[in-house]
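K.L.:
According to our numbering, the sequence shown holds residues 157 to 429 in order.
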Amino acid sequence: MKICVLALLSGSAALANPTCKDHWICVDEIRDGDRIELRARNLQEYPLTYTLRVNTRSYAVNGSRTVTRTLNAGGSETAMELVPRDGNTRRSYDLSLEWTVGDQHANHDDYYRYAFPYERGRSYRILQGYGSRFSHRGREEFAIDFDMPVGTPVHAARAGTVARVVKKHDKGCWESGCGNFANYIVILHDDGTTGEYYHLQRNGALVEVGDAVDRGQLIGLSGNTGHPTMPHLHFAVYRATSWGNTQSIPVIFESADGIVNKPRRGGRHQAAY
Numbered sequence: 157m158k159i160c161v162l163a164l165l166s167g168s169a170a171l172a173n174p175t176c177k178d179h180w181i182c183v184d185e186i187r188d189g190d191r192i193e194l195r196a197r198n199l200q201e202y203p204l205t206y207t208l209r210v211n212t213r214s215y216a217v218n219g220s221r222t223v224t225r226t227l228n229a230g231g232s233e234t235a236m237e238l239v240p241r242d243g244n245t246r247r248s249y250d251l252s253l254e255w256t257v258g259d260q261h262a263n264h265d266d267y268y269r270y271a272f273p274y275e276r277g278r279s280y281r282i283l284q285g286y287g288s289r290f291s292h293r294g295r296e297e298f299a300i301d302f303d304m305p306v307g308t309p310v311h312a313a314r315a316g317t318v319a320r321v322v323k324k325h326d327k328g329c330w331e332s333g334c335g336n337f338a339n340y341i342v343i344l345h346d347d348g349t350t351g352e353y354y355h356l357q358r359n360g361a362l363v364e365v366g367d368a369v370d371r372g373q374l375i376g377l378s379g380n381t382g383h384p385t386m387p388h389l390h391f392a393v394y395r396a397t398s399w400g401n402t403q404s405i406p407v408i409f410e411s412a413d414g415i416v417n418k419p420r421r422g423g424r425h426q427a428a429y
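#1: With DSSP collapsed to three states, give me the class of Glu237.
#2: His179: buried (16+ other C-beta within 10 angstroms of its C-beta) or exposed?
#3: Is the beta carbon of Gly382 closer than 8 angstroms to that of Ala338?
#4: If you check the beta carbons only, do Ala271 and His325 fall under 8 angstroms apart?
#5: If we call anything under 8 angstroms between Cβ atoms a contact, is Leu204 one with Leu227?
#6: Can you tell me whether Val239 is buried or exposed, with buried defined as 16 or more other CB within 10 angstroms of its CB?
#7: Would you say Gly414 faces chain D, with C-beta separation under 8 angstroms as the test?
#8: Mind checking who Glu185 pairs with in its DSSP beta bridge?
#9: Please list the segments of the beta strand (DSSP E) lying wholly inside the stretch 346-426, counting only runs of 3 or more residues, in order along the chain.
#10: Which of the three DSSP states, helix, strand or coil, is assigned to Arg295?
#11: Are Ser220 and Arg197 close, meaning C-beta to C-beta below 8 angstroms?
#12: Name, in chain order, the residues that DSSP records as bridge partners for Thr222.
#13: By a C-beta neighbour count over all protein chains shown, 10 Å radius and 16 as the cutoff for buried, is Pro419 buried or exposed?
#14: Quick one: what's got a C-beta closer than 7 angstroms to Leu374's C-beta in the same chain, skipping five residues either side?
#15: Measuring only the C-alpha atoms, how far is Arg269 from Gly351?
#16: In the DSSP output, what is Cys176 paired with across the bridge?
#17: Please classify Ser332 as buried or exposed, where buried requires at least 16 neighbouring CB atoms within 10 angstroms.
#18: Counting C-beta neighbours from all protein chains within 10 Å, is the total for Glu327 16 or more, i.e. buried, or is it exposed?
#19: Compare the beta carbon distance of Ser404 and Arg281 with 8 angstroms and say whether it is the shorter of the two.
#20: For a test of the three-state rule: what should DSSP assign to Phe302, helix, strand or coil?
#21: Please name the residue or residues paired with Ser232 in a DSSP beta bridge.
#22: With DSSP as the reference, identify every bridge partner of Arg320, one or two as the case may be.
#23: Whole angstroms is fine: what's the gap from Val342's alpha carbon to Ile186's?
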């Protein structure tokens, strides 16, 4: 999101209308004479990672013109300061702002044993696992797709707090932009990572934002929404990065047959929790 602001010379302090996004983050413009403080505010009860970039005319920036930082729940901070660069009375700047749930510095417990995200005693074929290359590259390197019929119960792989829920969509397609129609649940873990469950059926989220969930708890119903080639559940654990993006991280799973370090395409593992 980009916002353009025209600033005129002013001799008094003022608070301009904030730039906000998705009811999660706002950037306030606080003027002190000709100087401007850009202050970021987290509106929610969960940590978020934001990226803010500013382009200016006749302003210098104290520090970097692009910052990526994590804000704690309800936190605020000075993101950057703009200082007049010359005697021009007409100055302007524009902002680009993106965000995502979670902590970019999350220290994941790599020995934690995740449950497979389905009912105890059941198993589902892995369509894409670690190292798959069909669509799981880059940020999705360690995501897993489970072959699940629409309506299959989805269970939490790890305890946490529900931070985001989308359940209104009833469309699945393969064209550009179809990913915007995915239903999903994002669960924030206590280490700042997130567990994310995608392609749920319409109204297939059985939890609400703010709910505390336990490992193995029923949270949703699988579906075929968004950008799938067939009905399945997409699951991964992510760490927040810049520009509203995330990076999947490798995790260990516990199954009825033992520990699974590298779930691979074609594998089937019975859930145990």
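C-beta atoms are modelled at their ideal positions from N, C-alpha and C, and glycine is treated no differently.
On a predicted model such as this, the values are computed, not experimentally measured, just so you know.
P.N.:
Once the coordinates are examined:
#1: strand
#2: exposed
#3: Taking 8 angstroms as the Cβ cut-off, Ala338 and Gly382 qualify as a contacting pair.
#4: no
#5: The answer is yes: Cβ separation under 8 angstroms.
#6: exposed
#7: In the structure shown, chain D cannot be found, because there is only a single protein chain.
#8: Leu194
#9: 350-354, 356-361, 374-378, 388-396, 402-404, 408-411 and 414-416
#10: helix
#11: no
#12: Arg209
#13: buried
#14: Exclusion of the five residues before and after Leu374 leaves Pro309, His311 and Leu362 as the residues of its chain whose Cβ lies within less than 7 angstroms of its Cβ.
#15: 13 angstroms
#16: Partner(s): Cys182.
#17: exposed
#18: The residue asked about is misnamed: residue 327 is Lys in this sequence, not Glu. The residue is exposed, with fewer than 16 neighbouring Cβ atoms inside 10 Å.
#19: no
#20: strand
#21: Arg197
#22: Val342
#23: Here the alpha carbon of Val342 sits roughly 33 angstroms from the alpha carbon of Ile186.
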